[in-house]
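Peer 1: Just so you know, we're using our numbering here: the sequence shown kicks off at 17 and counts up by one.
If you scroll down you'll find the structure; I have some questions about it.
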Amino acid sequence: MTVLDVIVSATGYLEKQGVENPRLNAEHLLAHTLGHKRLQLYMEFDRPLSDSERAPLRELVKSRAAGVPLQHLMGVAAFFGRDFICDSRALIPRPETEQLVEYVLKEIKDHPTPTVLDVGTGSGVIALTIALERPEATVNASDISPLALALARENAIRHGLAERISFFEADLIPPGIHQTDCIIANLPYIPAGDIAGLSREVQHDPALALDGGADGLDLIRRLAADANASAPTPFILALEIGHDQSQGVCDLLEANNFRDIRKLRDYQEVERFVLAKHG
17 MTVLDVIVSA TGYLEKQGVE NPRLNAEHLL AHTLGHKRLQ LYMEFDRPLS DSERAPLREL
77 VKSRAAGVPL QHLMGVAAFF GRDFICDSRA LIPRPETEQL VEYVLKEIKD HPTPTVLDVG
137 TGSGVIALTI ALERPEATVN ASDISPLALA LARENAIRHG LAERISFFEA DLIPPGIHQT
197 DCIIANLPYI PAGDIAGLSR EVQHDPALAL DGGADGLDLI RRLAADANAS APTPFILALE
257 IGHDQSQGVC DLLEANNFRD IRKLRDYQEV ERFVLAKHG
């Protein structure tokens, strides 16, 4: 079988198993097994593949057909043009979150040496991306999960940032953080009752990274209250939220003395982010 034959065969199998974008998945998995970039496959369509080259792909395709996320099978996820280690210890980075980072970078662009706190850092992609885009920034990151923090530290090492990021095992805002210019958070916001109905791929994310309580706002509610109580200096709060939560989040921020509250849309025109100022 040639490279093209294998892609066509894997695509057909994945399509029958209900995998979205089956051709793209097949190409990514084959490129991964061969150690190639995906676009390199297009220059090798007629190259025969040995059985030893095809064997690893069979298991990966079976796993993908069973709902294991593509990023977990490849071991990396793309975010802001960079690859980050990705596995079941933390939420798979979503494209929407890249926009959250873009909004934050715009908010802090005029600050010569900003201090940023990423609450619920997970795999660390938000904190690490801000550190890479703003080398003069001081970046702190917290998570309640030691497994997620271990993954975030591995990603920091991968991108040469082990000495630049301070990681804290903490429930939301770390006790030692008393000053920051921006708090950014993509906290769990799925209502607990909705989790069972999520896609089989999302079910591979840790429950701790999904469950936002009865209405999905438990952690955002706590973060707003904690930030209001503990922040001695003015700061910006930037949140990623669920598709129908913008007004509820705005209301709870207003109740916690935030001002200049803004709802911002993602590329799908969903009100996916809320930015606000405090102090």
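For every residue, glycine included, the Cβ atom is placed at its ideal position computed from N, Cα and C.
Values in this document were obtained by computation on a predicted structure and should not be read as measured data.
Could you tell me the boundaries of the alpha helix (DSSP H) in which T145 lies?
Peer 2: 141–149
Peer 1: Check H52 in the structure and name its three-state DSSP category.
Peer 2: It is coil, neither helix nor strand.
Peer 1: Have a look at R74 and T49 and give me their C-alpha separation to the nearest angstrom.
Peer 2: 10 Å
Peer 1: From what residue to what residue does the alpha helix (DSSP H) around S68 run?
Peer 2: 67–81
Peer 1: Helix, strand or coil, according to DSSP, for T27 in the structure here?
Peer 2: helix
Peer 1: Helix, strand or coil for V286? Go by DSSP, reduced to three states.
Peer 2: coil
Peer 1: What separation, rounded to the nearest whole angstrom, lies between the Cα atoms of V77 and K122?
Peer 2: 40 Å
Peer 1: So, for E114: in the same chain, excluding its five sequence neighbours on each side, which residues have a beta-carbon less than 7 Å away from its beta-carbon?
Peer 2: Same-chain partners within the cutoff: F95, F96.
Peer 1: Are the CB atoms of R70 and V19 nearer to each other than 8 Å?
Peer 2: No, Cβ-Cβ distance for R70 and V19 is not below 8 Å.
Peer 1: What residues are listed by DSSP as bridge partners for K279?
Peer 2: As DSSP reads the structure, K279 sits in a beta bridge with V290.
Peer 1: For N202, which of D159, I193, P38, D231 has the nearest alpha-carbon?
Peer 2: D159
Peer 1: Evaluate the contact criterion for the region 219–229 versus the region 279–289: three or more CB pairs, one atom per stretch, below 8 Å.
Peer 2: no
Peer 1: In the DSSP assignment, what residue or residues form a beta bridge with L133?
Peer 2: N156, I199
Peer 1: Alpha carbon to alpha carbon, what distance is there between V155 and S182?
Peer 2: 7 Å
Peer 1: Is the beta carbon of R98 sitting closer than 8 Å to the one on H194?
Peer 2: It is not a contact, given that the beta carbons lie outside the stated cut-off.
Peer 1: With the cut-off set at 8 Å, would you say V132 and A153 are in Cβ contact?
Peer 2: Between V132 and A153, the gap from beta carbon to beta carbon is short of 8 Å.
Peer 1: S262 lies in the alpha helix (DSSP H); which residues open and close that run?
Peer 2: 262–271
Peer 1: Would you please state the rounded distance, in angstroms, between the beta carbons of A166 and T137? I believe it to be under 8 Å.
Peer 2: Actually they do not touch by this definition, with Cβ atoms about 12 Å apart.
Peer 1: Alpha carbon to alpha carbon, what distance is there between P72 and A93?
Peer 2: 20 Å
Peer 1: Just tell me which of E185, E179, I146 has its CA closest to the CA of S161.
Peer 2: The residue among E185, E179, I146 with its C-alpha nearest the C-alpha of S161 is E185.
Peer 1: With a Cβ-Cβ cutoff of 8 Å, do L30 and A42 count as a contact?
Peer 2: yes
Peer 1: Identify the continuous beta strand (DSSP E) that holds D99 and give its terminal residues.
Peer 2: 98–101
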